[in-house]
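Please read the structure below before turning to the comments.
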Amino acid sequence: MLKLFKLFNNKRLFILLITLVMFIVVMGFSLGTRKSLSWPENFVRDTTGFVQGIFYKPAGYVAGFFEDIANLHKLAEENEQLKIVVAQYTREKAQYNFIQSENERLMKDLKFTETQKEKYNYDYRIAHVESINTEPNNSTLVIDIGSKDGVRPNMAVISTEGLVGVISQVSNFTSTVKLMTMMNANDPNSQSAIAATAIGKENSSFGMIESYDPKTKKLMMNKIPPGDPIQPKDQIVSSGIGGLYPRGLTIGTVDSVKVGEFGLTSSAVITPAADFQDWKELIVVYTQERAE
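Number 886 in the numbering used here belongs to position 9 of the sequence shown; there are no gaps in the numbering.
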């Protein structure tokens, strides 16, 4: 008993024993079946939740802010990539449209030349237009085939619509085409007149395409003999007489016919079949005598 009192006299040991007993009591109380928390537990939980709320929300805002910045940077990169893809698509689409348009034109030209080959014994060579000179006194254009391809001066040049002009100058790889719009009956240096006739009236109709009026954009067919059956809406083609222009090349359509001043011949106003603008390709006509 005396030893027990001595132990109690030791304050440190006494406090340790009391603390141990309280810890065991609290543990037992905590582990027991309860319907509610004790006030110390509520106090600790509420305090912890409050402190966590103070630090968690600002931290969440800061983290969200930097996450939004990262997302914006990512969206900017994706936007740049999409711009590149759209630009590439636009460029490729334009190239596709250009190739498709050129292919359609070439197929049309090919069909035209095949049809002409069935009608006349000519050869045709498609040429690309490299440049156009629209000066009033020098309406010419340059095509990308020349003497290396068998091109010779005075060969006829046509579009799919009709006669365009003749080859005036030739180099190894290019040729100059003098357009029909340069025709002038009063100019000795003008393009040669074209012997012409009307389709379906080849044996009874004849005239000479001698000039072009830039104001009206019409051709004038002169020297039509009396009694010629030519009339408006007739289709005019080259007759082949004279040998310069091959027979059967489309020239245009008759607008009107009038008798000359002395009543000996008539004249006809012709609307050209060719547009004389926006050409991408033209066709050089090779007759047998020209191709040799």
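Where is the CB? At the ideal position from N, CA and C, for every residue including glycine.
Considering only the alpha carbon of each residue, which of 1119, 1058, 1075, 1064 lies closest to residue 1152?
1058
Which same chain residues, not among the five before or five after residue 1049, have their C-beta less than 6 Å away from its C-beta?
1023, 1024, 1025
Among 1117, 1076, 1078, 1070, the one whose alpha carbon lies nearest that of residue 1096:
1070
If you measure between the beta carbons of residue 1020 and residue 1098, is that distance less than 9 Å?
no
According to DSSP, is residue 1026 part of a helix, a strand, or is it coil?
helix
Scan the region 1040 to 1118 and note each continuous beta strand (DSSP E) run of 3 residues or more that stays entirely inside, going in chain order.
1040 to 1047, 1052 to 1056, 1071 to 1075, 1084 to 1090, 1095 to 1101, 1112 to 1115
With DSSP as the reference, please indicate the residues paired to residue 1003 in a beta bridge.
1160
In angstroms with no decimal places, state the Cα-to-Cα distance between residue 1038 and residue 1056.
14 Å
DSSP beta-bridge partners for residue 1148?
1130
Measure from the alpha carbon of residue 1109 to the alpha carbon of each residue in 1119, 1144, 1100, then state which is nearest.
1144
Quick check on the DSSP output: the beta strand (DSSP E) that includes residue 1018 runs from which residue to which?
1015 to 1020
What distance in whole Å lies between the Cβ atoms of residue 1162 and residue 1123, which are believed to be in contact at a cut-off of 8 Å?
6 Å
Buried or exposed for residue 1111, please, with buried defined as at least 16 other CB atoms from any protein chain shown within 10 angstroms of its CB.
buried
Rounded to the nearest angstrom, how far is the Cβ of residue 1047 from that of residue 1065, given a contact under 8 Å?
Not quite, the Cβ-Cβ distance comes to about 22 Å (not below 8 Å), so this is no contact.
Quick one: what does DSSP say residue 1037 is sitting in, helix, strand or coil?
coil
Look at the alpha carbon of residue 1010 and the alpha carbon of residue 952, and state the distance between them as a whole number of angstroms.
52 Å
Anyone know if the C-beta pair for residue 1134 and residue 1113 falls short of 9 Å?
no
Sequence-distant residues of the same chain with beta carbon closer than 7 Å to residue 1102, five excluded per side
1083, 1142
Alpha-carbon to alpha-carbon, residue 950 and residue 959:
14 Å
Proximity below 9 Å, CB of residue 1072 to CB of residue 1116:
yes
Cβ of residue 1036 within 9 Å of Cβ of residue 1156?
yes
Are residue 1172 and residue 1100 touching if we call contact CB-CB under 9 Å?
Residue 1172 cannot be examined here, being either before or after the span of the chain that is shown, 878 to 1169.
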